[in-house]
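Numbering (the numbering used here), first residue to last: 23 to 762. I have placed the structure first, in the form of structure tokens, so that the comments after it can refer back to it.
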């Protein structure tokens with residue numbers, strides 16, 4: 023049958039209309055500033071939009087039907103470390119980073135892998151990290167229709183890498199950190215005005231913090247902002263640093279690595295005000311008396327700093343913890359919102375940093391609007407609203423008072439796990455943790471490459487008491503919470519208690535829901551207004567990262583990564599090890615019944631190998647080994663040698679490992695697995711004493727399988743004293759040696 027001319031005309035017009043419609047669709051899919059302001063059903067930025075609220079307007083999954091959620095599919099990664107990444111979702115593809123700087127593109131409908139990129143980071147780089155080879159996510163951007171869609175991420179060894187989003191092929195790579203320093207990158211980049219913004223980490227080891235902007239197309243550096251002054255005898259890089267220099271004393275900070283102030287996590291952009299906000303990290307070393315012996319606030323440590331995104335010039339700052347002395351970073355998530363305060367709509371920036379205070383600031387001027395304690399805090403009594411500074415308590419200066427038991431610990435009242443904000447309830451949902459620490463300062467510190475340089479005696483941070491008393495205090499004082507925080511009233515609306523700290527980031531939705539994972543692999547949905555738990559899925563490893571939600575083909579999905587890791591998981595272990603395997607996965611849920619096999623953790627007790635030793639233990643050598651262990655090994659292998667499944671538990675070493683202990687620790691025979699040699703800082707005799715300490719711990723594991731009656735009495739007595747000490751910290755400080 024022949025087609026008539028009129029029909030040809032109709033077809034031609036139809037094709038033109040379809041092509042025009044297609045071009046409109048393609049134009050709307052360009053991932054640029056407009057898209058990041060309103061990503062609709064996608065998740066295009068670390069916190070979904072530039073405001074980083076982690077709030078979704080999707081309502082297909084809501085409090086009335088969330089009990090219908092089921093695991094639609096999961097993807098198992100080939101890593102077994104901490105999973106901290108927030109996935110990015112665009113055009114039906116999930117982009118996820120994992121430990122050791124891998125990036126995966128996964129079909130968001132089916133869970134099939136589309137491509138995988140490995141940055142091939144040397145395992146020796148692990149020594150330059152505080153908290154494992156983690157990565158918190160990627161960024162996505164397309165400059166214009168003629169430019170490629172790109173994925174950007176920072177590698178553990180300090181590179182910023184651009185990948186083709188379709189193929190995973192590397193477009194460009196730049197070295198963003200000095201290769202001879204203690205730097206690493208674990209944070210997610212942000213993209214502003216065709217620039218990729220990236221910071222770095224390393225504050226525990228000793229570095230000078232900065233943030234850098236790179237051109238998205240070429241990787242060419244556009245500007246760099248240093249957060250702390252450099253050598254006072256040399257010109258400073260900016261007017262902001264000239265302003266900061268008088269707040270530092272002596273010359274120690276730059277001789278001990280650089281002063282700190284790393285921008286290792288939160289970066290936020292306000293396109294309306296055209297301001298970039300960064301959160302800066304702790305002092306390096308932590309101990310301010312060693313870092314800046316003559317005092318001073320040490321700008322811009324532990325601060326929110328506003329920057330001009332075009333040139334990296336300083337606009338304003340607010341310092342949450344002047345003269346930081348406790349590793350109280352202000353790198354935690356910042357949220358932009360408009361809230362009504364005293365009958366006036368204010369454009370604010372909000373943060374719940376490590377130090378335990380919740381801050382509401384005017385984001386145009388940096389004016390402090392309010393600040394109150396959201397967690398358990400004893401280092402300061404309150405924030406003086408006239409000066410904007412915290413008023414330190416009698417416990418704060420541990421160097422002067424010889425040591426203090428302080429809340430929060432360096433783990434923070436809130437760490438990297440992201441909080442979220444609901445526009446419907448007005449609440450901020452914070453993953454809070456309560457962990458105290460005993461701070462004891464060192465008299466001096468010398469800078470060591472690939473080692474923590476804190477100026478704090480880390481051996482004093484663990485318990486010198488019996489294991490029963492130590493367990494009692496840990497059970498009494500260490501826990502987690504999901505807190506719904508009212509930023510206007512500056513008070514809790516509701517709280518969900520978790521038995522352990524280090525629980526997951528949160529996601530809030532217009533479906534009146536809040537999602538959060540936990541340390542033991544539970545993933546739950548709560549009523550955003552009341553805190554009632556409405557649904558839970560039990561997985562087989564910790565869920566710590568921030569969840570996301572997205573819409574595809576008219577269906578809403580919820581996705582989250584799982585995998586145990588991070589500093590709390592590394593250092594706070596269990597008395598008895600189990601045969602748990604740290605599975606790294608991406609879990610994706612939607613409404614339905616998919617009958618997938620349940621993910622079940624192996625919680626059977628690990629077997630303890632019987633090992634014969636050639637010589638008896640000397641108590642003095644064991645005590646020396648204990649000190650050396652906690653100042654060299656505990657940050658990875660755990661306090662009191664109790665690991666938490668992420669790295670080997672050294673109390674469970676095999677006979678072969680015992681035989682090769684010196685070769686591993688000094689010679690670095692396991693460098694290919696991330697365990698470098700300590701030959702630069704430890705002697706053969708030092709390693710022998712550490713080995714003796716671990717032997718002593720190994721022989722005592724069997725004694726901890728079950729408490730005797732007298733031990734149970736001891737446990738509950740110390741538990742009660744510890745709970746009393748939570749309310750009255752002076753009691754805990756006075757009785758530390760016997761209880762802790």
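Glycine included, C-beta positions come from ideal geometry on N, C-alpha and C.
Collapsed DSSP secondary structure at residue i in the structure displayed
i: residue 639; result: coil
i: residue 552; result: coil
i: residue 145; result: helix
i: residue 301; result: strand
i: residue 313; result: helix
i: residue 735; result: helix
i: residue 509; result: coil
i: residue 453; result: strand
i: residue 758; result: helix
i: residue 514; result: strand
i: residue 742; result: helix
i: residue 339; result: strand
i: residue 98; result: strand
i: residue 483; result: helix
i: residue 667; result: coil
i: residue 57; result: helix
i: residue 751; result: helix
i: residue 104; result: coil
i: residue 368; result: strand
i: residue 50; result: Its pLDDT being 42, under 50, residue 50 is placed unreliably in this model, and the value from its coordinates should be taken loosely. Helix, per DSSP.
i: residue 88; result: helix
i: residue 350; result: coil
i: residue 37; result: Low per-residue confidence applies at residue 37: pLDDT is 38, beneath 50, and the placement is therefore not dependable, though the value from the model is reported in the following sentence. Residue state, collapsed to three classes: helix.
i: residue 45; result: Note on residue 45: pLDDT 34, under 50, position unreliable in the model; the coordinate value appears next. Here residue 45 sits in helix by DSSP.
i: residue 225; result: coil
i: residue 503; result: strand
i: residue 651; result: helix
i: residue 615; result: coil
N- and C-terminal bounds of the alpha helix (DSSP H) containing residue i
i: residue 423; result: 420–423
i: residue 14; result: No answer is possible for residue 14: it lies beyond the span of the chain, which begins at 23 and ends at 762.
i: residue 722; result: 706–723
i: residue 683; result: 683–687
i: residue 328; result: Counting along the chain, residue 328 falls outside any alpha helix (DSSP H), though it belongs to the beta strand (DSSP E) covering 325–329.
i: residue 276; result: 274–277
i: residue 490; result: 489–499
i: residue 266; result: 261–266
Selection from the options that minimises the alpha carbon distance to residue i
i: residue 564; options: 389, 591 and 571; result: 591
i: residue 384; options: 340, 752 and 730; result: 340
i: residue 408; options: 400, 416 and 392; result: 392
i: residue 205; options: 756, 333 and 227; result: 227
i: residue 551; options: 645, 601, 611 and 443; result: 443
i: residue 300; options: 328, 102 and 294; result: 328
i: residue 131; options: 497, 577, 353 and 377; result: 577
i: residue 509; options: 213, 337, 215 and 390; result: 390
i: residue 172; options: 94, 160, 502 and 187; result: 187
i: residue 614; options: 91, 66 and 69; result: 91
i: residue 151; options: 174, 162, 208 and 110; result: 208
i: residue 465; options: 200, 561 and 421; result: 421
i: residue 335; options: 370, 263, 595 and 375; result: 263
i: residue 665; options: 644, 719, 641 and 527; result: 719
i: residue 363; options: 724, 703 and 448; result: 448
i: residue 554; options: 538, 562 and 266; result: 538
i: residue 113; options: 434, 57 and 595; result: 57
The beta strand (DSSP E) enclosing residue i, as first and last residue numbers
i: residue 237; result: 232–237
i: residue 659; result: Unbroken run through residue 659 is the alpha helix (DSSP H), 656–659; no beta strand (DSSP E).
i: residue 539; result: 535–539
i: residue 126; result: 124–129
i: residue 116; result: 115–120
i: residue 362; result: 356–363
beta-carbon residue i near the ligand MN non-hydrogen atom, thresh 7 Å
i: residue 571; result: Only the bare structure without any ligand can be found here, which leaves the ligand MN out of the picture.
Supposed close pair residue i, residue j - CB separation, criterion 8 Å
i: residue 457; j: residue 500; result: 5 Å
i: residue 77; j: residue 59; result: Rounded, the Cβ-Cβ distance is 14 Å, inconsistent with contact.
i: residue 22; j: residue 145; result: A query on residue 22 cannot be resolved here, the shown segment of the chain reaching from 23 to 762 and no further.
i: residue 394; j: residue 380; result: 6 Å
Runs of beta strand (DSSP E) lying entirely within the segment 571–612, each at least 3 residues, in chain order: Segments of the beta strand (DSSP E) lying fully in the segment 571–612: 577–584.
Counting only runs that start and end within the segment 374–450, where is the beta strand (DSSP E) found for 3 or more residues in a row? Within the segment 374–450, the complete beta strand (DSSP E) runs of at least 3 residues fall at 379–384, 390–395, 402–405, 412–414 and 426–428.
Please specify which runs of the beta strand (DSSP E), each continuous and at least 3 residues long, are wholly inside the segment 136–210, giving them in chain order. Within the segment 136–210, the complete beta strand (DSSP E) runs of at least 3 residues fall at 161–163, 172–176, 181–186 and 192–197.
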